[in-house]
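All remarks here apply to the structure that follows.
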Amino acid sequence: MRYGHRAVTILLGLSAQLLAGCAPTPPGPQSIAPEQSIVRLPAELARARLAVRRQVERGFLQERVVLGNDTAVAGENAIVVQTQWRGDPFYVFKSGRFSNPYTETSIDRRVADEFAGWQVSPPMERINDHGRYRYIEAADEGVRCVLAWQMVDAMAALTGEVDTYAVDFRFCDTRRDVEALLALFDELELQPYL
C-alpha cells in the first residue's frame, strides 16, 4: 500500500507540472533573450540588435528582431519571422501548411504605408541559400532601404519536423548600397528550436 500512495503522489506532481505547462501565453508581444530567437544573425547585425519580441496568437507565432536605425526614417529596421506555433498543447493538430502572408496586395499596401513619396522599385527576385526571394528598393534624400521577403522551410530542433517560415527584412541606411543591405538578408539563418 505504501507504494500505491507514492505512485499517487508522483502522478499528482506530474499532473500539476503538465497543467502548469498548459497555461495560456500572455497576450501581446513578450521580450525574449537573443539566444532564444529563431533568427541567427551575422555579426554585424547581431551588434545592431536592440530587442527581440515574440507573440503567440491563435496558433501562430510572430517574432520581431528590432535593429538599430541611424536614419531619420520613421519605422523600425527589423527582421520578422512568422510560423505556426505548436508549443501550446491546444494547437497540436495543424490546420494545414502555413500560408504565404506575402500577397501582392499585402506587399503593395505595406510599401505604400512605409515608403509613401519615395522612389520605389518594382518587386525584383534574388536567390540565397534558402531559394528565391523578392525585394524592393526604396530611396529618398540619401537614404536607401530594402524590404525583402521569403518563405523558408526549416527543421525545428526539438521536434525534428520541417515547418514553413515567412521571413521579411526591412533595413534603411545612409552608408550601405542596396547590394550590401541585401547581403545582410542573405546571411540570416533560421535555427528554430520550437
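FYI, in my numbering the residues of the sequence shown are 509 to 702. Cβ coordinates follow ideal geometry from the N, Cα and C atoms, glycine included.
Rounded distance between the beta-carbons of residue j and residue i, thought under 8 Å
i	j	result
Leu575	Arg548	Going by Cβ atoms, the distance from Leu575 to Arg548 rounds to 14 Å, so no, they are not a contact pair.
Val619	Leu569	Contact doesn't hold; Cβ gap of about 25 Å is too wide.
Ile546	Glu584	18 Å between Cβ atoms; not a contact.
Whole-angstrom distance between residue j and residue i, CA atom to CA atom
i	j	result
Arg678	Asn608	18 Å
Glu669	Phe693	24 Å
Asn636	Glu649	29 Å
Val686	Tyr641	15 Å
Gln590	Ala674	5 Å
Ala551	Glu695	10 Å
Thr667	Tyr701	8 Å
Thr579	Asp681	6 Å
Gln592	Arg566	9 Å
Pro631	Leu689	16 Å
Beta-carbon gap between residue i and residue j smaller than 9 Å
i	j	result
Ile540	Val560	yes
Glu612	Ala646	no
Residues bridged to residue i (per DSSP)
i	result
Glu753	Beyond the ends of the chain as shown, which are 509 and 702, falls residue 753; an answer cannot be given.
Ile587	Val573, Phe677
Write down every uninterrupted run of the beta strand (DSSP E) in the segment 557-582 whose length is 3 residues or greater and which is fully enclosed by it, in chain order. 557-565, 568-575
Which runs of the alpha helix (DSSP H) fall wholly inside the segment 605-679 and span at least 4 residues, in chain order? 612-622
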